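K.L.:
Sharing a structure with you now.
Numbering (our numbering), first residue to last: 27 to 114.
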């Protein structure tokens, strides 16, 4: 069985960084921050990080709703996490 979760991530770019890396933070996971070179690579990294966290036993929180996220007026991307879940 598969579990599909989609989490919003707030996106920021540091213009003072020579490489203009992107930083994703999460309204759903405490102290979650992922930094990457492109939006696509950072999205992939964020999804992989969340999957590892859940596999390590961190409870998967209920994802924030689009209305809640967009009220902050910040750029948002959505990260999908798909995992195989074994139910014995």
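Heads up, the beta-carbon is just placed ideally off N, CA and C, and yes, glycines get one too.
It should be emphasised that the depicted structure is a prediction, and the values quoted were computed from it without experimental measurement.
Taking residue 62 as the reference, give the member of 100, 28, 73 and 83 with the closest Cα.
P.N.:
Within the chain shown, numbered from 1, the residue matching residue 62 stands at position 36. It is 73 whose Cα lies nearest to the Cα of residue 62.
K.L.:
Less than 8 Å between C-beta atoms, sequence neighbours within five positions excluded: which residues of the same chain meet that for residue 39?
P.N.:
Indexing the chain shown from 1 puts residue 39 at position 13. If we look at residue 39 and ignore the five residues flanking it on each side, its Cβ neighbours are 46, 47, 48 and 49.
K.L.:
When you compare the CB positions of residue 109 and residue 82, do they come within less than 7 Å of one another, or not?
P.N.:
For the purposes of this step, residue 109 is taken as residue 83 along the chain shown, with counting starting at 1. For the purposes of this step, residue 82 is taken as residue 56 along the chain shown, with counting starting at 1. Cβ atoms of residue 109 and residue 82: not closer than 7 Å.
K.L.:
My output table needs one value for residue 78: the three-state DSSP class, helix, strand or coil.
P.N.:
Position 52 of the chain shown, counted from the start, is the residue given in the question as residue 78. DSSP places residue 78 in helix when its eight states are reduced to three.
K.L.:
Which of the three DSSP states is assigned to residue 68 in this structure?
P.N.:
What you label residue 68 is simply residue 42 of the chain shown in a count that begins at 1. Residue 68 falls in the helix class under three-state DSSP.
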